[in-house]
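**Student:** Just so you know, we're using UniProt numbering here: the sequence shown kicks off at 1 and counts up by one.
Please see the structure below; I have some questions.
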Amino acid sequence: MSGPHFQTEPTRVYREMRRDHGAVAPVVLDGDIPAWLVLGYRELHQVTGDPALFSRDSDLWNQWDAIPDDWPLRPMIGRKQPSILYTVGARHRERAAMISDALESADPFTLRRHAEQFADELIDGFCAEGRTDIIGRYAMLLPVRVLAKIYGFPDEQGPGLVTALNDMIDGRERALEGARHLATSMRALLEAKGAEPGHDAASMMLANTAGFTAEEVAEDLMVMMAAGHQPTADWIGNSLRLMLTDDRFAASLSAGRHSVAEAMNEVLWEDTPTQNVAGRWATRDTRLADRRIQAGDMLLLGLAAANYDPQIRTDGSALTGGNSAFFSFGHGEHRCPFPAQEIAEVVARTGIEVLLDRLPDIDLAVPAEALTPRPSPWLRGLTELPVTFTPTPVLGP
Numbered sequence: 001m002s003g004p005h006f007q008t009e010p011t012r013v014y015r016e017m018r019r020d021h022g023a024v025a026p027v028v029l030d031g032d033i034p035a036w037l038v039l040g041y042r043e044l045h046q047v048t049g050d051p052a053l054f055s056r057d058s059d060l061w062n063q064w065d066a067i068p069d070d071w072p073l074r075p076m077i078g079r080k081q082p083s084i085l086y087t088v089g090a091r092h093r094e095r096a097a098m099i100s101d102a103l104e105s106a107d108p109f110t111l112r113r114h115a116e117q118f119a120d121e122l123i124d125g126f127c128a129e130g131r132t133d134i135i136g137r138y139a140m141l142l143p144v145r146v147l148a149k150i151y152g153f154p155d156e157q158g159p160g161l162v163t164a165l166n167d168m169i170d171g172r173e174r175a176l177e178g179a180r181h182l183a184t185s186m187r188a189l190l191e192a193k194g195a196e197p198g199h200d201a202a203s204m205m206l207a208n209t210a211g212f213t214a215e216e217v218a219e220d221l222m223v224m225m226a227a228g229h230q231p232t233a234d235w236i237g238n239s240l241r242l243m244l245t246d247d248r249f250a251a252s253l254s255a256g257r258h259s260v261a262e263a264m265n266e267v268l269w270e271d272t273p274t275q276n277v278a279g280r281w282a283t284r285d286t287r288l289a290d291r292r293i294q295a296g297d298m299l300l301l302g303l304a305a306a307n308y309d310p311q312i313r314t315d316g317s318a319l320t321g322g323n324s325a326f327f328s329f330g331h332g333e334h335r336c337p338f339p340a341q342e343i344a345e346v347v348a349r350t351g352i353e354v355l356l357d358r359l360p361d362i363d364l365a366v367p368a369e370a371l372t373p374r375p376s377p378w379l380r381g382l383t384e385l386p387v388t389f390t391p392t393p394v395l396g397p
């Protein structure tokens, strides 16, 4: 689940794995920890749709005795974490309802206005220069600034949260430090909102009457922040990369706002930000795609691989024409809540539209083959997206 080919050509790697191993492949994570990667679309549908057999309860994992405390992937898998990710049954449904209610309180028109405002502010920072890195100076900053408004964070805390989230999600040497920073920030936010509630998601979650503790709310806020920021930033970056490098998307770029939604939908098939998710754990011995799965085995959800399953996409080079049956937001009771999907789409679409409006002749500044994916077994995005454009005036306040 690492290495140069996995980072640069994941589709080819998934195709070769499917050829050699079938729809469920044995893989090893950092430290030679074994797991199963579910590559098949139908098999992934089965795993995510059967929580009784394939549970979200990570305590079931039969490898915990082999996992050191400093294992870099621990923040993305966790054990005994009181968050919605690892809660099952009726309690999970109650927590999902709490989160959905809090996110639904965000007015879509206000949300878009915030996204436009922050997008313009970020573009003002480089529009007169004629060139910039869209990832570092735009895509990686926009989602977290909008989410800060929804959750109740002060705007100035955004850059620190970006760094912490990226470190945690990338699963490398700074992962644990990033997780600690995020946890400290969340607890401080809840303390402030407990003393002085506002009209934000954190305050609404604290006021929920279902009996959730402040620690549980803090964990859920961290899940929401991680799931809401980085994939949305990568959705923006991956969409713009395809528009700038793939002839099939050139019309979307030149047409500006009118084709952005269609292009974004294709990205969720072609280059989905969330590539793999950990995971599900078998509650008993079973079989899946002719593989013998033992009780406690971990199954990684290969969302990107399933999107490219040749039995589903018989012509992988053809555009999907608006088909939204992708796995990019998951499936089953642990899928991304619908209000969260809507927020991500509004932020990503607004970010792309405002950028194309402000910089209509934007072009790639380096050869397409020079673009480098960010190393992560879970998410797919670029480290940089250098572009050039005709310098334009700052809009100002």
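Where a beta carbon is used, it is the ideal one built from N, C-alpha and C, also for glycine.
Which of helix, strand or coil does DSSP assign to Ala66?
**Tutor:** Taking the sequence shown and counting its residues from 1, the one referred to as residue 66 is at position 66. In this structure, Ala66 counts as helix in the three-state DSSP scheme.
**Student:** To the nearest angstrom, how far is it from the Cα of Leu288 to the Cα of Ala278?
**Tutor:** Sequence index remark: in the sequence shown, residue 288 carries index 288 (1-based). Sequence index remark: in the sequence shown, residue 278 carries index 278 (1-based). Distance between the alpha carbons of Leu288 and Ala278: 17 Å.
**Student:** Please go through the same chain and pick out, in chain order, the residues whose beta-carbon is closer than 8 Å to the beta-carbon of Ala128, but skip the five residues on each side of it.
**Tutor:** Sequence index remark: in the sequence shown, residue 128 carries index 128 (1-based). Excluding sequence neighbours, Ala128 sits near Pro391, Thr392, Pro393 and Val394.
**Student:** Could you give the uninterrupted runs of the alpha helix (DSSP H) lying entirely in the stretch 193 to 246, keeping only those of 4 residues or more?
**Tutor:** 201 to 206 and 214 to 245
**Student:** If I measure Cβ to Cβ from Asn62 and keep anything under 6 Å in the same chain, skipping five residues before and after, which residues do I get?
**Tutor:** Stepping through the sequence shown from its first residue, residue 62 is reached at position 62. Correct list, in chain order: Gly296.
**Student:** I need the straight-line Cα distance from Ile84 to Ile77, nearest angstrom please.
**Tutor:** On the sequence shown, residue 84 is found 84 positions in, with the first residue counted as 1. On the sequence shown, residue 77 is found 77 positions in, with the first residue counted as 1. Each residue's alpha carbon lies about 12 Å from the other.
**Student:** Can you grab the Cα-Cα spacing for the pair Ile293 / Glu196, in whole Å?
**Tutor:** Numbered from its first residue, the sequence shown carries residue 293 at position 293. Numbered from its first residue, the sequence shown carries residue 196 at position 196. Approximately 50 Å, taken between the alpha carbons.
**Student:** Can you tell me which residues form a DSSP beta bridge with Asn276?
**Tutor:** Sequence index remark: in the sequence shown, residue 276 carries index 276 (1-based). Gly302, per the DSSP bridge assignment.
**Student:** Helix or strand or just coil, what does DSSP make of Arg358?
**Tutor:** Position 358 of the sequence shown, counted from the first residue, corresponds to residue 358. DSSP places Arg358 in helix when its eight states are reduced to three.
**Student:** Per DSSP, which one or two residues make a beta bridge with Thr163?
**Tutor:** Position 163 of the sequence shown, counted from the first residue, corresponds to residue 163. Bridge partners of Thr163 according to DSSP: none are assigned.
**Student:** Would Arg95 and Asp220 be called neighbours here (beta carbons separated by less than 8 Å)?
**Tutor:** One-based indexing of the sequence shown puts residue 95 at position 95. One-based indexing of the sequence shown puts residue 220 at position 220. Yes, the pair counts as a contact, with Cβ atoms nearer than the cut-off.
**Student:** Report all residues from its chain with a CB closer than 7 Å to the CB of Ala179; omit the five preceding and five following residues, and keep chain order.
**Tutor:** Here the question's residue 179 lines up with position 179 in the sequence shown. Residues of the same chain with a CB within less than 7 Å of the CB of Ala179, apart from the 5 flanking positions on each side, are Pro75 and Met168 in chain order.
**Student:** Strictly by DSSP, which residues pair up with Ala25?
**Tutor:** Indexing the sequence shown from 1 puts residue 25 at position 25. DSSP output for Ala25 lists Leu37 as bridge partner(s).
**Student:** Name, in chain order, the residues that DSSP records as bridge partners for Thr286.
**Tutor:** Walking along the sequence shown from the start, residue 286 turns up at place 286. Thr286 pairs with Ile293.
**Student:** Just to confirm before moving on: does the CB-CB distance between Asn238 and Asp290 stay below 8 Å?
**Tutor:** Locating residue 238 in the sequence shown gives position 238, where the first residue counts as 1. Locating residue 290 in the sequence shown gives position 290, where the first residue counts as 1. Contact flag unset, no.
**Student:** According to the neighbour-count rule (16 or more other Cβ atoms, all chains shown, within 10 Å of its Cβ), is Glu16 buried or exposed?
**Tutor:** Looking up residue 16 in the sequence shown gives position 16. Result: exposed.
**Student:** Compare the beta carbon distance of Met298 and Ala119 with 8 Å and say whether it is the shorter of the two.
**Tutor:** Taking the sequence shown and counting its residues from 1, the one referred to as residue 298 is at position 298. Taking the sequence shown and counting its residues from 1, the one referred to as residue 119 is at position 119. Against a cut-off of 8 Å, the Cβ pair of Ala119 and Met298 comes out as no contact.
**Student:** Per DSSP, what kind of secondary structure is Trp281 in: helix, strand or coil?
**Tutor:** Your numbering for residue 281 matches position 281 in the sequence shown. Three-state DSSP puts Trp281 in a strand.
**Student:** Evaluate Asp234 with the Cβ neighbour count: other Cβ atoms within 10 Å of its Cβ, from every protein chain shown; 16 or more gives buried, anything less gives exposed.
**Tutor:** The sequence position of residue 234 within the sequence shown is 234, counting from 1. The residue is buried, with at least 16 neighbouring Cβ atoms inside 10 Å.
**Student:** Distance, Cα to Cα, His114 vs Val146?
**Tutor:** Against the sequence shown, residue 114 aligns to sequence position 114. Against the sequence shown, residue 146 aligns to sequence position 146. About 6 Å.
**Student:** Can you tell me whether Thr274 is buried or exposed, with buried defined as 16 or more other CB within 10 angstroms of its CB?
**Tutor:** In the sequence shown, counting from the first residue as 1, residue 274 sits at position 274. Under this definition Thr274 is a buried residue.
**Student:** Quickly, what does DSSP pair Val387 with across the bridge? List them, please.
**Tutor:** Sequence index remark: in the sequence shown, residue 387 carries index 387 (1-based). DSSP, once it has assigned bridges, lists Thr132 and Leu364 as partnering Val387.
**Student:** Can you tell which of Leu379, Gly228 and Thr132 has the C-alpha that lies nearest to the C-alpha of Tyr151?
**Tutor:** As a first step, residue 151 is located in the sequence shown; it is residue number 151 there, counting from the start. Looking at the Cα atoms, Gly228 is the closest of the given residues.
**Student:** Rounded to the nearest angstrom, what separates Leu165 and Arg335 at their Cα positions?
**Tutor:** Start at 1 with the first residue of the sequence shown, and residue 165 comes out as number 165. Start at 1 with the first residue of the sequence shown, and residue 335 comes out as number 335. Taking the straight line joining both Cα atoms gives about 20 Å.
**Student:** Taking DSSP as the reference, what is the three-state secondary structure of Leu371?
**Tutor:** Your numbering for residue 371 matches position 371 in the sequence shown. It is coil, neither helix nor strand.
**Student:** What is the DSSP secondary structure of Leu382, reduced to helix, strand or coil?
**Tutor:** As a working note, residue 382 is residue 382 in the sequence shown. It is a strand residue.
**Student:** For Val387, count neighbouring C-beta atoms within 10 Å of its own C-beta (all shown protein chains included) and say buried if the count is 16 or more, exposed if not.
**Tutor:** Within the sequence shown, numbered from 1, the residue matching residue 387 stands at position 387. So Val387 counts as buried.
**Student:** Please go through the same chain and pick out, in chain order, the residues whose beta-carbon is closer than 6 Å to the beta-carbon of Leu103, but skip the five residues on each side of it.
**Tutor:** Numbered from 1 along the sequence shown, position 103 holds the residue referred to as residue 103. Excluding positions up to five away in sequence, the list reads Pro339 and Ala340.
**Student:** Would you say Leu240 and Ile134 are within 8 Å of each other, going by their C-beta atoms?
**Tutor:** Numbered from 1 along the sequence shown, position 240 holds the residue referred to as residue 240. Numbered from 1 along the sequence shown, position 134 holds the residue referred to as residue 134. Yes, they are a contact pair.
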